[in-house]
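**Student:** Under the working numbering, think of the first position of the sequence shown as -9, with each following residue one higher.
My questions all concern the structure below.
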Amino acid sequence: MVKMASRKEEAAGAARAGADLDRPIAGEDPATGSLEEAQRWVTVYHQLVDLEQTLFDAMAAKIPAMPPAARREAEETNVPVLLTQLERFKHRLEYWRGRRDALQRGSDEADEESSRTA
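Here you go:
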């Protein structure tokens, strides 16, 4: 039973972390002064947005054909979790696009941008 509780706590923690729009991925440095690093995170978050959108689209296509109990469960649990992750990844992608653009314009502007939005 301890193992089950641990899994539930782990899942709940992951759900809370996934809902934090500003939570960076391990290794992410929102204050980086490197244009290459900023572009790398644009690519990472673009890929994650694409993945979550593909998963959401597939789920949305299957849900209407499910039995009512399964449909209700998917709508009440799966859909909100996936949409929260999608929103977070889009938020982080927007941040990194802005950071990249600021770094392209010049470092003073990038420093100001980083302190406002990180």
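For glycine and all other residues, C-beta sits at the position ideal for the given N, C-alpha and C.
If you're wondering where the values come from, they're calculated on a predicted model, not measured in any experiment.
(1) For the 8 Å Cβ check, are there 3 or more pairs between the stretch 78 to 85 and the stretch 18 to 37?
(2) Do the stretch 66 to 77 and the stretch 18 to 29 meet, that is, are 3 or more Cβ pairs less than 8 Å apart?
(3) Does DSSP classify E18 as helix, strand or coil?
(4) Once you ignore the five residues that flank E18 on each side, which residues in its own chain have a CB closer than 7 Å to its CB?
(5) What residue range is occupied by the uninterrupted alpha helix (DSSP H) comprising E66?
**Tutor:** Well, looking at it:
(1) yes
(2) no
(3) coil
(4) W31
(5) From DSSP, E66 is part of no alpha helix (DSSP H); its letter is neither H nor E.
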